[in-house]
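Inspection log for the structure reproduced underneath, given as structure tokens.
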Amino acid sequence: MNRLYYAVALLAALVLLMINGAGAQAQGIIIDPPPPGIVPPIGGPITIELHSIDAVIDGPVATVHITQIFRNNTEQQIEGTYIFPLPSDAAIGDFQMTVDGQVLEGKVYTKEEARRIYEDIVRRRRDPALLEYLDRDLFQTSVFPIPPGASRKLELTYSHTLALDNGLYHFRYPLQTRQYSPAPVKNLSLRVELRNQPGLRTIYSPSHQVRIDRLGDDAALVGFEQANILPERDFDLYFGVSPEAVGLNLLSYKPAGEDGFFLLLAAPGIQVAPGEVVQRDMILVMDISGSMEGVKMEQAKRAAHFLVDNLNPGDRFNLIAFSTGVYLWSAELRPTAEDAVTDAHRWIEGLRAGGSTDINRALLEALAQLYEKEQGRPAYILFMTDGLPTLGETDSGRIILNALNNMPPGRSVRLFAFGVGYDVDTDLLDNLSRELGGRSTYVKPEERIDEALGDFYRQISTPVLTNVSISFPGILVEDTYPYPIPDLFAGEQIVWAGRYRQGGATTITLRGEVNGKKRVFRYADQHLATKGGEPLVARLWATRKIGTLLDEIRRKGPLPELVDEVARLSTTYGIVTPYTSYLVLEPQFQPFAGAPDAAQPAAEVPMAPAAPREVVATVEV
């Protein structure tokens, strides 16, 4: 029987979070063409049924376990060679590979030997994609024959030490394989466990939208899962540790002849002393219109119970339900005393769904609750609805304008919108959240409202710094996003991107308030690049600016100046938007130095934040 010879290359990808969650994969590539008359099936002769990455980073040491299942889609037996580009400092003695329970003998090649192997593959395939790995060592082993239509399971374990660079650890896993095969990976999962990281603060993946579960002040789980995904980028994870109350990390990039780009992350610890938790006023506004009847209403009530049970000591709260009318639990905000909590639970149980949806009136009533209260106390409105405004003022623009015109003077008010189902007015909720300094999230019909709202509330349940501002004394920074800077919550982080004129040394100053008292954090010995740096920062900044412009277009319509600016940024930085398509550049075209390589697929909007630089801070109280 004729045999096909393939090299099965495990490579990897990096997807930005905020794009809807992205993934990665491994694929097969042909070194020698199949014998005459044999045509590989569409999608490639070898596909990946499963690609699972399980990494544990204990202190600075990363141990990575990979599981892959390859399937032979041809009618011929396949033998091949498995190659894996290694981290430059991987511990060779820690490699172990098994295929279907049998240990395979492999060989690790130095960079020089790997270069010859890569170049040989490139000559035969006439595809230069592998050359990006020329500076890495290489692991190579023979793959046992795979019968027609059969699968083989492969497992590989290696470990290496992560370098600490400017206070940041950087973990990378090679996922990128889109250029090697058109066939997607059926099931992709990546899990990174961080252990023994005292003072763990910032955790960030600029490549993928990941879930981060903080397990304590020194541990966390990071990961994502996807199905039928064709990875486009390697996976990158940055994390920083700091003994300070608020850790700060900085990345910058200065292309020749242009203003620079920076990205800053600031994060407190997950454990916060009671005196450091900001006391706030919290109002839950619940839609109880007819469309909420049934399971949705029961789940919404469980969510309300959860919120009441998880208020912080010193908080004040109120509950508002709305449909055709507006119904208040209390005439005014009440402290979280035991009798108030019990009474609130009783009121929630008595709610019944029915009627229309008067969003405007409910919103104005919530704002009215905040008048003539303590002006130094931050206020949060959690606004939950499953539909469009159908009663009273129904124009989204006027509803937003009414809210802005009725803001309580001297109060810091944030609105967090929670949309349920597919019929919700996302433009209204997104713009309300943006204008009132909060954010929005959505629950699909098949998802549980109480669980989703519980997860969302945990993210904003412990504010540690409000009315945040950041400055770079001696350095002009501009064009920053987001604006305004959001409040800082325990276990969360601020991601702030912008541009600067001239680089150099500076002391970054972060200011905010804790229970009406001003706090100042100073981070000495910071440096914005005067040339070079991290080109990815330019793309991340552009993604945030494009997101802001798209919000403006949704509110004002496709004005030519807005659309033109989106198109310019998109083509300059390689970011896919509703107004541009993925563009493959000709070889002679030289893209902007901060833009992605022409052979690399464009990113989508929105995108996740970027990596940081850890520093030592001094604090003024």
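Going by the numbering used here, the letters in the sequence shown line up with residues 11 to 631, in that order. Where is the CB? At the ideal position from N, CA and C, for every residue including glycine.
A residue is called buried once 16 or more other Cβ atoms fall within 10 Å of its Cβ, and V195 is buried on that count.
Inter-residue distance for N197 and Y432 is about 27 Å (C-alpha atoms, whole angstroms). In the DSSP annotation of this structure, the continuous segment of the alpha helix (DSSP H) that includes N415 starts and ends at 406-415.
It is roughly 6 Å from the alpha-carbon of A331 to the alpha-carbon of V295.
Pairwise C-beta distances place the region 393-412 out of contact with the region 482-490, as fewer than three of them are shorter than 8 Å. Where M307 is concerned, the enclosing alpha helix (DSSP H) starts and stops at 305-319. The three-state reading of DSSP puts F181 in strand, counting E and B together. I585 has its alpha-carbon roughly 35 Å from the corresponding atom of E165. Excluding sequence positions up to five before and after L274, its CB lies within less than 6 Å of the CB of L260, W506, all in the same chain and listed in chain order.
For the 8 Å CB-CB criterion, N370 and G407 do not form a contact. By the criterion of at least three beta-carbon pairs nearer than 8 Å, the region 231-246 is not in contact with the region 511-519. Around the C-beta of R224, 16 or more other C-beta atoms lie within 10 Å, and the residue is accordingly described as buried. The Cβ atoms of D68 and R201 lie no closer than 8 Å to each other. A direct Cα-Cα distance of roughly 13 Å separates L546 from G508. Counting only the Cα atoms, A230 lies some 39 Å from A372.
Restricting attention to D269, P241, G279, the CA atom closest to the CA of S252 is found in G279.
Going by DSSP, T517 is part of the beta strand (DSSP E) stretching over 514-524. Taken in chain order, the complete alpha helix (DSSP H) segments of 4 residues or longer contained in the region 459-487 are 459-470. Residue burial is scored here from C-beta neighbours: N206 has fewer than 16 other C-beta atoms within 10 angstroms and is therefore classed as exposed. Contact between D368 and L398 is absent: CB atoms are separated by about 11 Å, not below the 8 Å threshold.
In summary, G448 is buried, with 16 or more beta-carbon neighbours lying within 10 Å of its beta-carbon over all protein chains present. The Cβ-Cβ distance between R243 and L185 falls below 8 Å. By alpha-carbon distance to F531, the top candidate from Y589, Y337, R521, T57 is R521. Remark: C-beta atoms of G300 and G250 do not approach each other more closely than 8 Å.
Runs of beta strand (DSSP E) with 3 or more residues, each lying fully within the region 202-235, are found at 210-214, 221-226, listed in chain order. The Cβ atoms of N322 and T472 sit closer than 8 Å to each other. Judged by DSSP in its simplified three-state form, G300 adopts helix. CA-to-CA, the gap between T581 and E457 works out to about 37 Å.
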